[in-house]
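Undergrad: Below: one structure in structure tokens.
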Amino acid sequence: MTLVHAGVGPEPGNFLLVLCFAFGSFVARLLLDRFVYKPLAMKLLSYKAVPMINDEAKWSKIAKCSESMWKLTYYAAVQIWVLSIIKQETWSLDTKEYFKGWPNQELKFFRIGTMILALHDTSDVFLESAKLFKYSEKEMAASLCFGLFAISWFLLRLVYFPFWIIKASSYECVEALSWMENFPTTLYYVFNTMLLTLLVFHTYWWKLIFAMIMKQMSNKGQVGEDIRSGNCFQRIFTLQILKMENEHCCCPDIAMGADFVVHPSFFYVKIKQAPDRFFHFLVSLAECLLPSVSARLVGSPFSICCPGPRTNRTRENLPLLLSSPSRGGAPWDSFVRAPPWGGREMDLVAQGGRRARRRLLVRAVFLLYLMTSAHCLDAERAVSGRRKKKAKHEIKGPIKTLVVLVMENRSFDHMLGWLRTKGGRPDIDGLTGHEYNRLNASDPSSPEVFVSDGAAYVDSDPGHSFQAIREQIFGSEDTAAVPAPMSGFAQQAESMGEGMASTVMRGFAPDAVPVYSALAEEFAVFDRWFASVPASTQPNRFYVHSATSHGATGNVRRDLVHGFPQKTIFDSLDEDGLSFGVYYQNIPAVLFFKSLRKLKHLVKFHSYKLAFKLDAKLGRLPNYVVIEQHYFDVKLSPANDDHPSHDIARGQRLVKEVYQTLRASPQWNETALLITYDEHGGFYDHVPTPVTGVPNPDGIIGPDPFYFKFDRLGVRVPTILISPWIEKRTAIHEPKGPTPHSQYEHSSIPATVRKLFNLNSNFLTKRDAWAGTFESYLSIRKTPRTDCPEKLPKVKSLRPFGPREDKVLSEFQVELIQLASQLNGDHVLNTYPYIGKGMTVRQANRYAEDAVARFLEAGRAALRAGANESAIVTMRPALTSRISGWSSDASAQSI
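Using full-length UniProt numbering, the letters of the sequence shown correspond one by one to residues 1 to 895.
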């Protein structure tokens, strides 16, 4: 149970633990066999003395009885241990839970492996019990145990195993595996092929068991004799005496403990103990070495030497040399030569046949297991193993983990504006109900469209391009007005379709977004948090992690292909030895950054569905956590990013799930969660966009025709800060610095991370150096709150129908497909950058998931192959297993 609750992921130490356990079992068996089982067997079988080797019947019975005692002890102990685990774990009764948390389960296949072990060892306990009763001639008990063995075998191995275990590993796990970022499909097929092969063996063995049942019935209920040959080494070897001279025709006296030397050429093994131990050793050694292997190893046939001294006593049936009549003679030519110390040397050769083939099969399966286990080891160990350990970075404040969730395309007034008048929060700068836009912003007589609280499902996606946002903010081509009038929302929306004006002017009543209403009541709301740039999704998301968009105001094909080159907060964290993790649901948008495509960072990407709850529960969330939503609206997993026309209820449920997961985590008292939106998505907000003192982050000017100088912020977006260190009903307005004109915007996140975690690096750009930070709100209290709600309100769906998988893609989704085409190498095709134009949402979702899986798996494969961890993977359209061209620098290479 220590492994289950330790929270330590798969690592090479797990494999060493298996080796230690195997060696310990071997030593334990030797000691128990000598001091416990054999004496007990002799007592049980009423033998008064240790039988000599020529008394084969007694020797064989004691050996078999001792062997069964060991197996019964082992199987019973393992079964008790496994049953104790199953009793404590709720997943044991639900096959759909077997792969939950994979591949981050301890020892990878811990859950399903435990169940396989449990169902197999149960019948073995009855079998070994039946053998012991049979050896001691207790026929009734032997028959009863054999009957239980047959029944348990049939139910567990031919019913439960295929219809529960194999079903779980081949069918039910597919739903989980489809979300995994690094799942090698070959492992899926290898694992299930091994289970199916085991099922074939079970079926064949059941045929033999059934034949034994029939024989038992014909014997009036008595269990048949063990048909295995008498002596453990004689059933493997047929031994003969070679021509020996009279003075050497006898072998050393075994009863007196003569020396035996195994002599493969110049290799000697000398044993001076009990002779039966020696023969057991010879048998084991011969079984482990194939003839071809031993021949290559020593350069000559495998041989045994009987020294010349003390040959005055004879042994009649001492077998030393194998011949194989079925094969027309011994596999190796027999030979006799005089060793330097005297005596005769004779060949020992492994017999072919069923036993040898069975051993070969076992070795092949074991080798396959080792290869699979090595493939399963997390590539992150390869990274950490090659890095020099850095001194532990000191975080001075109470917050050790910051979780960032950036939702899609909603304005503050649209989501939280009605908290002011209908949510009992007059301290928040929200809506009064008197705000409006005219259908024609430049015509005073044009109809007015007032704000309302009837927002629901939005079928059309309002305009939010750079040009559309200019019109929404200013209502005309005059962009010099200060403050901005915020008068063109209705006008721009109506130009896209009749009735859209009222759509963008509506917001959600507090009871329509109950999760946000509850969080706003319990924690802090920013009513002066703005998008970093008046542009679409991607430029603003770049500011969240790098405080610049590198001159982008929209989709830039060149940078999408090669990755945006600016330094990110991820790099700053890595420089100081702090951790970060990206928990994504189908494609991580942060891969637009070039630096995050480095091999050393690919191990930081995790499946949200499989890893986030597990990591939070085990208290191993990294310092900086980014959660990315499901961006494609499909029936299997509807979109939860809040992007129109996706269901807002799905986004509310995601926020609820993230909060409740963190609330239940042992890291809760050192965690802060920030929820914000990338941009306003074309929805109305009444607060003017700031322009005074806003610095260009890096001196880059936007592309034509607008040549934007990045000296104005975007529209206000909803932002909530959650932590047990935050007081209830906190409203955060404008920041108090670092400059008189500083504002909260997306660059505030890297700026706060730098202060929160005491980073040594400088600010990323001039923008995060200017932006307001919020770490002070996390240090007002002296102790964390204990009254934070554990559960949030239930959410009802606002959409009257399910996902429409056949819809065309939004602009943001097309950009994500362009990113996916770079990840899998399709960006070199003539169809780029128009790959996403002809796709449906269902096709795009599958394409994106496959591209990410291939990219991350190729990166992990490169790490396992020893590639430079600072290299960047560049995929080809046709992915192969060939890895080449890795250099010592960070230049792009091909896989």
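Beta carbons are placed, not taken as given, at the ideal position from N, Cα and C, and that holds for glycine.
Predicted model only: the values in this text are computed from it and were never measured.
1. If you follow the beta strand (DSSP E) that Ser-607 is in, where does it begin and where does it stop?
2. How far does the beta strand (DSSP E) with Thr-874 in it reach, from first residue to last?
3. Do the CB positions of residue 902 and Ile-726 come within less than 8 Å of each other?
4. Quick one: any contact between the region 486-499 and the region 515-525, if contact means 3 or more CB pairs under 8 Å?
5. Can you tell me whether Glu-679 is buried or exposed? The criterion is at least 16 other CB atoms within 10 Å of its CB, across all chains shown.
6. Suppose the cutoff is 6 Å on Cβ atoms and the five residues either side in sequence are ignored; what does the same chain contact list for Ala-851 look like?
7. Please state whether the Cβ-Cβ distance between residue 898 and Ala-871 is less than 8 Å.
8. Among the residues of its own chain, which have a CB less than 7 Å from the CB of Pro-485, if the five just before and after it don't count?
9. Extract the residue ranges of the alpha helix (DSSP H) inside the region 783-826, only unbroken runs of 4 or more that lie entirely within it.
10. For the candidate residues Ser-84, Asp-124, Ser-129 and Glu-128, whose alpha-carbon lies nearest to that of Thr-114?
11. Ignore the nearest five residues each way along the sequence and tell me which others in Thr-765's own chain have a CB closer than 6 Å to its CB.
12. Within 10 Å of its beta-carbon, does Pro-447 have 16 or more other beta-carbons around it, so buried, or fewer, so exposed?
13. What are the boundary residues of the alpha helix (DSSP H) that Gly-651 is part of?
14. Less than 8 Å between the C-beta atoms of Lys-604 and Phe-580, yes or no?
15. Tell me the residue span of the alpha helix (DSSP H) that contains Ile-569.
16. Keeping to the same chain, check which residues put their C-beta closer than 6 Å to that of Glu-790; ignore five residues upstream and five downstream.
17. Compute the Euclidean distance between the alpha carbons of Gly-424 and Thr-719, then round it to the nearest angstrom.
18. Hey, does Thr-568 have any beta-carbon neighbour from chain C nearer than 8 Å?
19. At which residues does the beta strand (DSSP E) containing Gly-836 begin and terminate?
20. For a minimum of 3 consecutive residues, which ranges assigned as the beta strand (DSSP E) are wholly contained in the region 747-774?
21. Starting from residue 906, trace the alpha helix (DSSP H) both ways and give me its first and last residue.
22. Look up Asn-437 in the DSSP assignment and give the residues it is bridged to.
23. What distance in whole Å lies between the Cβ atoms of Ala-672 and Leu-439, which are believed to be in contact at a cut-off of 8 Å?
24. Give the straight-line distance between the Cα atoms of residue 903 and Arg-528, rounded to the nearest whole angstrom.
25. Taking Asp-511 as the reference, which of Pro-750, Ala-649, Leu-44 and Ala-77 has the closest Cα?
26. Using a threshold of 8 Å, state whether the C-beta atoms of Leu-45 and Trp-70 are closer than that.
27. How about Lys-837 and Glu-670: do their beta carbons lie closer than 8 Å?
28. By alpha-carbon positions, which one of Asp-642, Gly-737, Tyr-744 and Gly-693 ends up nearest to Asp-459?
29. Buried or exposed for Cys-145, please, with buried defined as at least 16 other CB atoms from any protein chain shown within 10 angstroms of its CB.
30. Give the single residue among Phe-592, Ile-749 and Tyr-847 whose Cα lies nearest to the Cα of Glu-775.
31. Within the same chain, show all residues whose beta-carbon is closer than 6 Å to that of Pro-724, passing over the 5 residues directly before and after it, in chain order.
32. Compute the Euclidean distance between the alpha carbons of Ala-379 and Thr-537, then round it to the nearest angstrom.
33. Is the region 560-579 touching the region 749-762 in the sense that three or more CB pairs, one from each, lie closer than 8 Å?
34. Output the distance between the C-alpha atoms of Glu-628 and Trp-164, rounded to the nearest integer angstrom.
35. Which class does Thr-548 belong to by DSSP, given the choice of helix, strand or coil?
36. Where do the N-terminal and C-terminal ends of the beta strand (DSSP E) with residue 896 fall, by residue?
TA: Inspection of the coordinates gives the following:
1. 605-607
2. 872-874
3. Residue 902 lies beyond the range of the chain shown here (1 to 895); nothing can be said about it.
4. no
5. buried
6. Ala-820, Leu-823 and Asn-824
7. Any property of residue 898 remains undetermined from this structure, which presents the chain solely from 1 to 895.
8. Phe-474 and Gly-475
9. 811-824
10. Ser-84
11. Ala-547, Thr-548, Pro-697 and Asp-698
12. exposed
13. 648-663
14. yes
15. 569-575
16. Arg-663
17. 18 Å
18. Here there is only one protein chain, and chain C is not present.
19. Taken as a continuous stretch (DSSP letters only), Gly-836 belongs to no beta strand (DSSP E), as it is neither H nor E.
20. none
21. Residue 906 is absent from the structure shown; the chain starts at 1 and stops at 895.
22. Val-449
23. Not confirmed; about 43 Å, so no contact.
24. Here the chain comprises residues numbered 1 to 895, so residue 903 is not present and cannot be evaluated.
25. Ala-649
26. no
27. no
28. Asp-642
29. buried
30. Ile-749
31. Asn-669, Pro-784, Arg-785 and Cys-788
32. Caution is warranted here: a pLDDT of 45 is assigned to Ala-379, below 50, making its placement in the model unreliable, and the coordinate value is therefore given only provisionally. Ala-379 and Thr-537: Cα-Cα distance of roughly 32 Å.
33. yes
34. 33 Å
35. coil
36. The structure shown does not extend to residue 896, since the chain is modelled only from 1 to 895, so the question has no answer here.
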